[in-house]
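When you read off a place in the sequence shown, starting at 1, and then add 3, the result is the number in my numbering. Notes to accompany the following structure.
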Amino acid sequence: MLAEEKIQRRKPATTPWAGRLVRQMRQAVARAPGGHYVLDQARAVEDILFEDLQLRLGGMDSHHYLPGPVETSFGEGGGHDKSLQSRFAALAEQSLEQTPASASARVYARIVNQLLPDEVRILTAMSDGSDIAISHLLARGGRFKNSEHRVMAFLSRVGNESGVMLADAVPHYLAHLFSLGLLDGGPEDNSQTAKYEAIENGSEVRSACERMRKESRLRPVFIRETAHLSALGKAFWAACSG
4 MLAEEKIQRR KPATTPWAGR LVRQMRQAVA RAPGGHYVLD QARAVEDILF
54 EDLQLRLGGM DSHHYLPGPV ETSFGEGGGH DKSLQSRFAA LAEQSLEQTP
104 ASASARVYAR IVNQLLPDEV RILTAMSDGS DIAISHLLAR GGRFKNSEHR
154 VMAFLSRVGN ESGVMLADAV PHYLAHLFSL GLLDGGPEDN SQTAKYEAIE
204 NGSEVRSACE RMRKESRLRP VFIRETAHLS ALGKAFWAAC SG
């Protein structure tokens, strides 16, 4: 009984009681000298925290929450998928016999299976080893001046230069090529200033900047970079182009 009474005494206050307490505290602070200023600062902090939370939630990626392996049942008993075990065992056996050349060929074959025709066009345009200009649009500012959030990424003119069929998907193409390890990034190339300006003055980009200025306390900032074929990208291109 004593243990139950202690647990009941430690039971947290209900939400209505807590709400009344908060309101009373705010009223008391407001009546004190300078109280309204303190409340205004508190609300400002709340706004900042909420704004930061929104940005963080907007940047969350669903692939961080993948489901675990699924068990399948066979006949009357349940167990793991035997086909997965046999395939894994086969790969383990092949790993004992493969050579560096055959291993590279399988890596390149897997990459090829993940590419789209437009992405091949981009790789072809970059196969001469040149750097392409890339710009990222960030929203920076708010009440915390150093707060920033990426709005548009991998903006480039390489789609126009390589003749891709879906120009709007170029940022997606570039992000995918980076994820495959075929591209490496580099610093801004001052000799390509005209290309950076053309990228940043595109109609869609300018519209995003205007919305940012009008609808929030954030200001648009561009981060300029370059991209080129990585060591893997060069080896892949050499293997595929003959």
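In this text, a Cβ means the ideal position worked out from N, Cα and C, and glycines have one as well.
When burial is assigned at 16 or more other CB atoms within 10 Å of the CB, is A178 buried or exposed?
A178 comes out exposed.
Counting only the same chain and skipping the five closest in sequence on each side, list residues whose C-beta sits under 6 Å from that of H67.
Only weak support is given to the placement of H67: the predicted model assigns it a pLDDT of 44, under 50, and the value that follows is read from those uncertain coordinates. Excluding sequence neighbours, H67 sits near nothing in its chain.
Once DSSP output is grouped into helix, strand and coil, what is the label at G245?
Reduced to three states, the DSSP call for G245 is coil.
Give every residue of the same chain whose Cβ lies closer than 8 Å to the Cβ of T229, excluding the five residues on either side of it in the sequence, and list them in chain order.
Hits under 8 Å: D134, I135, A136, I137, G188, G189, P190, E191, D192, Q195.
Would you list the one or two residues that DSSP bridges to E207?
According to DSSP, E207 bridges with nothing at all.
Could you tell me whether the region 157-170 touches the region 121-134, where touching means 3 or more Cβ pairs closer than 8 Å?
With a cut-off of 8 Å, the region 121-134 and the region 157-170 count as touching, because enough Cβ pairs lie within range.
So what does DSSP say about P223, is it helix, strand or coil?
In the structure shown, P223 sits in a strand (DSSP, three-state: E or B).
Are the CB atoms of V173 and V154 nearer to each other than 9 Å?
In this structure, V154 does not lie closer than 9 Å to V173 by Cβ.
What number of angstroms, rounded off, separates the C-alpha of E100 from the C-alpha of A197?
Distance between the alpha carbons of E100 and A197: 52 Å.
Out of S105, L186, C243, R227, which one is the CA nearest neighbour of Y199?
Measuring from the Cα of Y199, the nearest candidate turns out to be R227.
Rounded to whole angstroms, what's the CA-CA distance from E203 to P120? Just pull it up for me.
Using only the alpha carbons, I get a separation of about 26 Å.
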